[in-house]
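Below is one structure, written out as structure tokens; the observations come after it.
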Amino acid sequence: MNKEIVEIILLSLFVSGLSSILSSLLGFFISLWLFLKVNPLNKKLLEICRALTGVPTIIFGLVVLLMLSRKGILGPLNLLFTPSAIIIAQFLLLLPLVITLCSEILENDGKRIVTMCKLLHIPKSEIKKVFFREMNTKFLGVFLVAFARGISEVGSVMLVGGNIKGHTRVMTTYIALSTSMGNYDNSLIIALVLFIISYLINYMIKMVR
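Those letters in the sequence shown? Residues 28 to 236, per this note's numbering, in order.
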């Protein structure tokens with residue numbers, strides 16, 4: 028395995044890991060807020076999140092591309108075709124998924140925890156900590172699902188990252204490029220690495236259930 032492939036694997040793990048961590052943390056607190064704050068709009072917001080999980084991923088890439096382009100609102104930051112652009116695209120892609128999954132978990136187990144907090148007279152300021160402590164393994168499972176989704180992404184990553192050698196080339200975009208050029212050997216190596224990562228993630232998800 029040459030140096031270029033190792034760098035591609037490490038970059039893939041970094042951008043997908045960071046975007047998964049950020050989306051999981053924010054998604055957890057948003058879903059918990061929607062669960063605890065009863066509001067007629069909450070159901071609509073969850074419906075929007077569920078709908079966004081089915082949107083073609085290239086659309087998220089297009090939105091980020093427009094935001095980071097020279098004429099975009101974040102254009103002055105010069106983030107387009109950088110690892111940061113990939114992280115932003117994956118973050119936006121994963122956030123609705125995390126909110127949806129966390130909300131489903133809270134629907135199943137949240138009422139039990141709320142009842143427990145009332146019986147134990149736990150102050151409202153501490154309720155979020157109780158939720159996180161009681162359900163941390165399930166939320167870890169959500170993080171793993173988000174990471175698996177992020178590391179397998181191609182379209183939006185290609186669009187905002189540009190698949191630049193030594194800079195923004197990740198495993199999925201490398202496979203797409205190498206296969207189109209007939210370089211099947213290296214494509215198979217990367218594909219094997221992705222398969223191993225996917226297998227390990229699925230194994231860990233089963234462990235935390």
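We treat Cβ as the ideally placed atom computed from N, Cα and C, and that holds for glycine.
{"query": "Which two residues bound the contiguous alpha helix (DSSP H) that contains Thr127?", "result": "Pro110 to Leu146"}
{"query": "Is the Cβ-Cβ distance between Leu167 and Val235 less than 9 Å?", "result": "yes"}
{"query": "Leaving aside the five residues before and after Leu186 along the sequence, list all residues of the same chain whose C-beta is less than 6 Å from its C-beta, in chain order.", "result": "Gly88 and Leu92"}
{"query": "Should Ile113 and Ser214 be called a contact, given that it needs their Cβ atoms to be closer than 9 Å?", "result": "no"}
{"query": "Would you please state the rounded distance, in angstroms, between the beta carbons of Ile36 and Val220? I believe it to be under 8 Å.", "result": "6 Å"}
{"query": "Exposed or buried, which one is Met208 when buried takes at least 16 other CB atoms within 10 Å?", "result": "exposed"}
{"query": "Does the distance from the CB of Pro123 to the CB of Thr80 come in under 9 Å?", "result": "yes"}
{"query": "Of the choices Glu161, Tyr211, Val169 and Leu204, whose alpha-carbon is the least far from that of Asn229?", "result": "Val169"}
{"query": "Does the separation of the CB atoms of Leu121 and Gly177 fall below 9 Å?", "result": "yes"}
{"query": "By a C-beta neighbour count over all protein chains shown, 10 Å radius and 16 as the cutoff for buried, is Leu106 buried or exposed?", "result": "buried"}
{"query": "With a CB to CB cut of under 8 Å and the five nearest residues on each side skipped, what residues in its chain are close to Leu73?", "result": "Leu61, Ile126, Thr127 and Ser130"}
{"query": "Which word fits Arg97, buried or exposed, when buried means at least 16 other C-beta atoms lie within 10 angstroms of its C-beta?", "result": "exposed"}
{"query": "Leaving out the 5 sequence neighbours to the left and right, which residues in its chain are closer than 8 Å to Ile191 when beta-carbon positions are compared?", "result": "Phe108"}
{"query": "Over what stretch of residues does the alpha helix (DSSP H) that includes Val65 continue unbroken?", "result": "Segment: none, Val65 is in no alpha helix (DSSP H) and carries neither H nor E."}
{"query": "Can you tell me which of the three DSSP states Phe98 falls into?", "result": "Residue 98 is actually Lys in this sequence, not Phe. DSSP places Lys98 in coil when its eight states are reduced to three."}
{"query": "How about Ser183 and Ala116: do their beta carbons lie closer than 9 Å?", "result": "yes"}
{"query": "Exposed or buried, which one is Met143 when buried takes at least 16 other CB atoms within 10 Å?", "result": "exposed"}
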